Structure formats: structure tokens, C-alpha cells
Amino acid sequence: MKSALISPLLAGLLLLTGCAQPAAQAGGGGGGTIKAINHTKWAINHFSVNGQSGIDIIGPFQGGGGGCCFSVPARWTPGMTVRVDWESGEASTEGFPGFADYEKYKAWEKKMSSQNRQHSKTVPLPDYNGQDVCGITVHFLPCDDVKVTTSCWSPRNVNYPIKEPVRMKEPAVCPK
């Protein structure tokens, strides 16, 4: 009688715990989704981290992503990096002629596409030893700069490691 009651209870408990997605402990490696925050006036048309797609298009001064999955080794070691590839482009639909006149639409599309730029940057992966790891968040900054974090904190939380404001202006001249 007891085993007939305990077996379904145990099975149910195992199913419920399998559905939970707590932060992975960095002590045993970890990972999660690929997210991004765009601090620029440009759209991020697509991006990837070490070849893994971030999936989402991200508008100016917005967040997005959701690609699966980014994982890290159990222990961080000095010199660890990630490669971020992305395409930026015009975020406005100003001048969009609609689809009725196909030639006008194709000319507008060509003009918009001509403003797209391909970027690639290898950046340091911050030390995550002794911390929870929740995937990776890429911060796209003015002057084609990038920062990343594996922090589980919300960007609005005081403990979040990247402090740049979401709305950043592009300087007149970018440092080289």
C-alpha cells in the first residue's frame, strides 16, 4: 500500500523538478539563453556568440535574444574569450513605399540593405567562478563596442555588472 502511494508521488516530484530551470551553478559549469541589450541607435539585425544565434532582431535601445544555448566550462580561467558576430543597420522604416509598387519597394529595400554593416569582435568572458551562470548577455555599445556577462542578475538590479545606460549617444569620433 505504501509503495503504491509513494511511487506516483516520487514520479510526480521528479517531473516537477525537471521542469524548473534554476540558475546553473558555475561550480559545475552552466549555461542558458543568449540575450542582448542594444545601447545604440542602430538596429541589431542578427547576432551570434561563438556561432550560436541570438535569434532576435533588436531595435535601438532595446533588449532581446533568446537563442539557445550558451554554456561555460566548470571553471573560468584567465584569458577566456567569446566571439560576437553581428549585423547592424538602419532602424527606421522612414520612406517605406508599401508593397503595391514592387519597383519602389525593391529600391527602398536596396537602400536600407546598403546601410547594413557586418561586425565581429572577440571580447573577454568575465570571471564567473563562485557565481551562478545564466547564459550570456551581450551589450552592444556605441562605436561597435561589445561587453558580455554571464550574470543572473536583472540589468535593473544594483548587482548587475554592466552599468552603462541603455540610451547611449554615439560620439562624434570613435576611439580607435
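Residue numbers (mature numbering (1 follows the signal peptide of the UniProt record, and there is no 0)): -26 to -1, 1 to 150.
Virtual Cβ for every residue (Gly too), placed ideally from N, Cα, C.
Just so you know, these numbers come straight off a predicted model, no measurement behind them.
Trp82 - DSSP class collapsed to helix/strand/coil: helix
Identity of the residue in Asn24, Thr14, Asn90 nearest Pro98 by Cα: Asn24
Contact check, His13 vs Trp60, beta carbons under 8 angstroms: no
When Gly5, Phe73, Gln26 are compared against Trp50, the one with the closest alpha-carbon: Gly5
Unbroken beta strand (DSSP E) run spanning Ala146, endpoints: Run containing Ala146: none; DSSP gives neither H nor E here.
Those runs of the beta strand (DSSP E) which lie wholly inside the segment 13 to 63 and span at least 3 residues: 17 to 23, 37 to 46, 55 to 63
Spatial neighbours of Ala10 in its chain, beta-carbon cut-off 8 angstroms, leaving aside the 5 residues before and after: Ile18, Phe21, Gly28, Asp30, Ile32, Gly37, Gly38, Gly39, Thr111, Val112, His113, Phe114
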